[in-house]
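K.L.:
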Amino acid sequence: MKQVLEGSHAVSEAVRLAKAQVISAYPITPQTHIVEAISAYCANGTMNSRFLCVESEHSAMAAVIGAASCGARTFTATSSHGLAYMHELLHWASAARLPIVMAEVNRALGPGWNIWLDQTDSLSQRDTGWIQLYCEDGQEVLDTTLLAFRLAESANLPVMVVLDAFFLSHTFEPVDVPRPEKVDRFLPPLSPRFQLDTANPYAINQMAAPDVYMEMRYNIQFAMDRVLGQYDLLEEEFAAIFDRKHGMAEAVRCEDADIVLVAAGTTASTCRQAIADLRSKGEKVGLLKLKMFRPFPTDLIRQNLARAQKVAVIDRNCSFGAGGIFAQEIKSALCNVDSPPGVFSYIAGLGGRDVTQDTLEEIYLQTKTSHTPARESIWIGLNRELVESWRN
Amino acid sequence: MAQLNIPMQDYLNPGHLGCPGCGATIAMKLALRALGEKTVVVIPACCWGILAGPYPQSSLNVPILHTAFATAGAAASGIRAALDLQGDTETTVLSWAGDGGTFDIGFQSLSGAVERNEDCIFVCYDNEAYMNTGVQRSSATPFGTRTTTTPGQDWKKTRKKNIVETLAAHRIPYAATASIAFPEDLIRKFQKARKMKGCSRFIHVLAACPPGWKIPSDVSVKVCRLAVQTNVFPLYEVQDGTHYCLNNEGHRPVIDYLKIQGRFKHLTRADTERIQAQVDKDWQLLIKKSAK
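Residue numbers (the working numbering), protein chains in the order written: chain A, 1 to 392; chain B, 1001 to 1292.
1. Considering only residues of the same chain and omitting the five flanking positions on each side of F1190(B), which have a CB-CB separation below 7 Å?
2. Please classify I1287(B) as buried or exposed, where buried requires at least 16 other C-beta atoms within 10 Å of its C-beta.
3. Check the Cβ-Cβ distances between E55(A) and every residue of chain B, and say whether any is below 7 Å.
4. Thinking C-alpha only, which one of C70(A), Y231(A), Q206(A), A274(A) is nearest L1085(B)?
5. Could you work out which residues of chain B lie near H81(A), taking near to mean beta carbons separated by less than 8 Å?
6. Of all the options T1145(B), G1100(B), M1196(B), S1111(B), which has the alpha carbon lying nearest to the alpha carbon of T1133(B)?
7. List the residues of chain A that V1135(B) touches, going by C-beta distances under 9 Å, in chain order.
8. Does the Cβ-Cβ distance between V1040(B) and L98(A) come in under 7 Å?
9. Please go through the same chain and pick out, in chain order, the residues whose beta-carbon is closer than 6 Å to the beta-carbon of L5(A), but skip the five residues on each side of it.
10. May I ask you to list, following chain order, the residues of the stretch 1097-1108 of chain B that have a beta carbon less than 9 Å from some beta carbon of chain A?
11. Just the chain A side, please: which residues come within less than 8 Å of S1111(B) by C-beta, in chain order?
12. Determine the burial state of P210(A): buried for a count of at least 16 other Cβ atoms within 10 Å of its Cβ, exposed for fewer.
13. If we call anything under 7 Å between Cβ atoms a contact, is A1072(B) one with G1023(B)?
14. Quick one: list the residues of chain B neighbouring L196(A), beta-carbon separation under 7 Å, in chain order.
15. So what does DSSP say about L1246(B), is it helix, strand or coil?
16. The alpha helix (DSSP H) with S49(A) in it runs from where to where?
17. Considering only DSSP beta bridges, list what K2(A) is partnered with.
18. Using beta-carbon positions only, say whether T1102(B) and C1120(B) come within less than 7 Å of one another.
19. What does L1083(B) reach in chain A if we use C-beta pairs closer than 8 Å?
20. How big is the Cα-Cα spacing for E57(A) and C1245(B)?
21. Check each candidate in I314(A), T359(A), M248(A) and name the one with the smallest Cα separation from D118(A).
22. What does G1053(B) reach in chain A if we use C-beta pairs closer than 9 Å?
23. Which two residues bound the contiguous alpha helix (DSSP H) that contains Y1055(B)?
24. How about V161(A): is its C-beta nearer than 7 Å to some C-beta of chain B?
25. Quick check: what's the CA-CA separation for M160(A) versus A25(A)?
26. Need the endpoints of the beta strand (DSSP E) that N106(A) sits in, please.
27. Rounded to whole angstroms, what's the CA-CA distance from I241(A) to S1077(B)? Just pull it up for me.
28. Is DSSP giving A263(A) helix, strand or coil here?
29. Distance, Cα to Cα, I65(A) vs A1075(B)?
30. Are S345(A) and G321(A) closer than 7 Å when you measure CB to CB?
31. Would you check if the distance between the CB atom of M207(A) and the CB atom of P1210(B) is smaller than 7 Å?
32. W130(A) touches chain B at which residues, Cβ-Cβ below 8 Å?
33. Which residue wins for smallest C-alpha separation from V1062(B), given the options D256(A), I380(A), Y202(A), L290(A)?
34. Under the DSSP definition of a beta bridge, which residues are partnered with W1096(B)?
35. Check whether the Cβ atoms of A1027(B) and A1193(B) sit closer than 7 Å, and answer yes or no.
36. What residue from D1010(B), T1025(B), E1115(B), C1019(B) has the CA that sits closest to K1038(B)'s CA?
Structure representation (structure tokens):
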């Protein structure tokens, strides 16, 4: 049944339907609505689960690691500084091969304090061994969270479901909330492959010397590679029950496009409108929406971008000293194909600044009129006067 | 010779990686004898992270979750939550951390867990410095100690944090000190803690470290006994953070404890007198608190 839901509550509803057993979290704006709703479900008996109100995000992740090691289905949510504070434990969760699901609301890192949209927080965690899935709207948030539990439990890897601060977390949209019986068909109770058990005692996560450590790390990479194959099958199953799927990436009018815009999250929605308008003016433009960032779906990216002349990547993030992070990944995915398109890297909309259709048209025109891409990322919408004033 | 009245079933295997005379190993051996097989052990970074053995071995016959340095309290809480949901309230969750994982980097998660009154036993086996990384000072290192980060004349000039008092300030239902030199007392306290289900319990065990304390490996137990006999490490219990009960009274001078340890050998008479005065003051305070 369709309900008008806030993006945050699309997560909470999915966690309720997934029957997560142990949830642990620490408040941070703009993630709080997710866990407030789950707390209420735990308190009023809607969920037969334990909500652990811990004293930090570091402890939130440690608590779900403990619970998952004991065979429980687990969930947490965070954002920005909270995610950065968890960093050590993100490595711990993936290397322990625990199927933890986390909602992460993309928010800027301070200083200066800024609670608005920015992707640098989650992208900074790209090497932690977490599957990362970026969502565009409330329905995709709900569906992806449900899928995340299945994916995590079949790959024995943790999954991060990423949604934009406010533009998605605090926006109300009609969302189809499936019936519990349907969800149960898709997501049976967790049967853990290993767990702490006094009847069968062994140690988990102990010292690993050089003779075994590398093989353990190879297996994480192997599991990540397998996810690329598993994901399509899981989505087929999902679609058979719920009649929806979103893909690891989505190509919109890429088949004959000279220029393809690449974006993730709600920016992809704005791109849809921008390319529709540009198409009506005769421009041959397409969109590649990035959903899965880890593992990076290189083949799918190549398949959809190799035919274009130019690619314009819109990054709401920056790896200082290197530039837009999605652009770097796209460049590396295309570097070994024959006559690859020129990849233009644009940084826009940091710290919650709007990326409007005008912004996107400016990016499109700049890409169209430039012969070859600049070596650096191009910053869109900068107040140059302000920048100059700080230099003196 | 009197027979000790302690359970004989061991859950610590021979072949662990402890140094000769390791007090932390004796502490674990005794604790698990008291707690039995229905125990899940959480070990953050500390000597015990090594003593428990590398993959694919384990020196314990109970399940262990090794966890990140700061997280023993939180990881134990998560295990407890999962066990409870599985209907298993019988199994004891034992958080087993060193002084770093309790007094310093692990203090926040321990404080959080105890404030939530998590149904776990939190143990600090205290060897009074970061021994696993090569004897660096912690906030459990006593006044007067030389470590590799308080070397030469920069020996530690501040006193040891009183961890039991901090836990008492949380009004934890049960807190106690214990010593590897008093095994019956230690076993009794762990058994008592095991039976007190449904709430947080904390046990602070002094565990000598021969390389860190600069003592011969055959005097670990003797040094820990002297710590009690000189009131440097009194044995006592605290119920609900307010009801104190002293288990032993020491009468020997502190110098007897200090003089046999290389880590204190640089101290002057004035320094040791200052330590004696501090120990006396702390002892009087403890007597006052335990008075009915």
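C-beta atoms are modelled at their ideal positions from N, C-alpha and C, and glycine is treated no differently.
P.N.:
The structure says:
1. Working through the second sequence from its first residue, we reach residue 1190(B) at position 190. Excluding sequence neighbours, F1190(B) sits near A1031, A1034, L1035, I1203.
2. Sequence index remark: in the second sequence, residue 1287(B) carries index 287 (1-based). I1287(B) comes out exposed.
3. Here residue 55(A) is taken as the residue at index 55 of the first sequence, counted from 1. Yes, E55(A) counts as interfacial toward chain B.
4. Numbered from 1 along the second sequence, position 85 holds the residue referred to as residue 1085(B). L1085(B) has its Cα closest to that of C70(A), out of C70(A), Y231(A), Q206(A), A274(A).
5. The count along the first sequence starts at 1 and reaches residue 81(A) at position 81. None at all; the shortest Cβ gap to chain B is about 16 Å.
6. Working through the second sequence from its first residue, we reach residue 1133(B) at position 133. Considering only alpha carbons, the answer is G1100(B).
7. Numbered from 1 along the second sequence, position 135 holds the residue referred to as residue 1135(B). Simply none; closest approach about 20 Å.
8. In the second sequence, counting from the first residue as 1, residue 1040(B) sits at position 40. In the first sequence, counting from the first residue as 1, residue 98(A) sits at position 98. Contact flag unset, no.
9. Residue mapping note: residue 5(A) aligns to position 5 of the first sequence, counting from 1. These residues qualify, in order along the chain: G138, V175.
10. Q1108
11. Taking the first residue of the second sequence as 1, we reach residue 1111(B) at position 111. In chain order: E55.
12. Counted from its first residue, the first sequence places residue 210(A) at position 210. Exposed, since its Cβ has fewer than 16 Cβ neighbours within 10 Å.
13. Reading the second sequence from its first residue, position 72 is the one you call residue 1072(B). Reading the second sequence from its first residue, position 23 is the one you call residue 1023(B). Result no, Cβ atoms of A1072(B) and G1023(B) do not sit closer than 7 Å.
14. The residue given as residue 196(A) occupies position 196 in the first sequence. V1040, P1063, L1065, I1079, listed in chain order.
15. As a first step, residue 1246(B) must be located in the second sequence, where it is residue number 246. In this structure, L1246(B) counts as strand in the three-state DSSP scheme.
16. Taking the first sequence and counting its residues from 1, the one referred to as residue 49(A) is at position 49. Per DSSP, S49(A) belongs to no alpha helix (DSSP H) and is neither H nor E.
17. For the purposes of this step, residue 2(A) is taken as the residue at position 2 of the first sequence. In DSSP, K2(A) forms a bridge with D176(A).
18. Here residue 1102(B) is taken as the residue at index 102 of the second sequence, counted from 1. Here residue 1120(B) is taken as the residue at index 120 of the second sequence, counted from 1. Contact: no.
19. Locating residue 1083(B) in the second sequence gives position 83, counting from the first residue. Correct list: C70.
20. Taking the first sequence and counting its residues from 1, the one referred to as residue 57(A) is at position 57. Taking the second sequence and counting its residues from 1, the one referred to as residue 1245(B) is at position 245. Cα-Cα distance, rounded: 37 Å.
21. Taking the first residue of the first sequence as 1, we reach residue 118(A) at position 118. Checking every option, the nearest Cα to that of D118(A) belongs to I314(A).
22. Along the second sequence, read from residue 1 onward, the residue named residue 1053(B) stands at position 53. Simply A203, Q206, M207.
23. Walking along the second sequence from the start, residue 1055(B) turns up at place 55. Counting along the chain, Y1055(B) falls outside any alpha helix (DSSP H), and DSSP gives it neither H nor E.
24. Taking the first sequence and counting its residues from 1, one reaches residue 161(A) at position 161. Not one chain B Cβ lies under 7 Å of V161(A).
25. Within the first sequence, residue 160(A) is the residue found at index 160, counting from 1. Within the first sequence, residue 25(A) is the residue found at index 25, counting from 1. Between M160(A) and A25(A), the C-alpha separation is close to 14 Å.
26. The count along the first sequence starts at 1 and reaches residue 106(A) at position 106. Note, N106(A): beta strand (DSSP E), 101-106.
27. The residue you call residue 241(A) lines up with position 241 of the first sequence. The residue you call residue 1077(B) lines up with position 77 of the second sequence. Using only the alpha carbons, I get a separation of about 36 Å.
28. Mapped onto the first sequence, residue 263(A) falls at position 263. In this structure, A263(A) counts as strand in the three-state DSSP scheme.
29. Along the first sequence, read from residue 1 onward, the residue named residue 65(A) stands at position 65. Along the second sequence, read from residue 1 onward, the residue named residue 1075(B) stands at position 75. I65(A) and A1075(B): Cα-Cα distance of roughly 7 Å.
30. Sequence index remark: in the first sequence, residue 345(A) carries index 345 (1-based). Sequence index remark: in the first sequence, residue 321(A) carries index 321 (1-based). Going by C-beta atoms, S345(A) is not nearer than 7 Å to G321(A).
31. Start at 1 with the first residue of the first sequence, and residue 207(A) comes out as number 207. Start at 1 with the first residue of the second sequence, and residue 1210(B) comes out as number 210. It is not a contact, given that the beta carbons lie outside the stated cut-off.
32. Numbered from 1 along the first sequence, position 130 holds the residue referred to as residue 130(A). Result: empty, since nearest Cβ-Cβ is about 16 Å, beyond 8 Å.
33. Taking the first residue of the second sequence as position 1, residue 1062(B) is located at position 62. Checked all of D256(A), I380(A), Y202(A), L290(A); the closest Cα to V1062(B) is Y202(A).
34. For this step, residue 1096(B) is matched to residue 96 along the second sequence. Bridge partners of W1096(B): V1123(B).
35. On the second sequence, residue 1027(B) is found 27 positions in, with the first residue counted as 1. On the second sequence, residue 1193(B) is found 193 positions in, with the first residue counted as 1. It is not a contact, given that the beta carbons lie outside the stated cut-off.
36. The residue you call residue 1038(B) lines up with position 38 of the second sequence. For the residues D1010(B), T1025(B), E1115(B), C1019(B), the minimum Cα distance to K1038(B) belongs to D1010(B).
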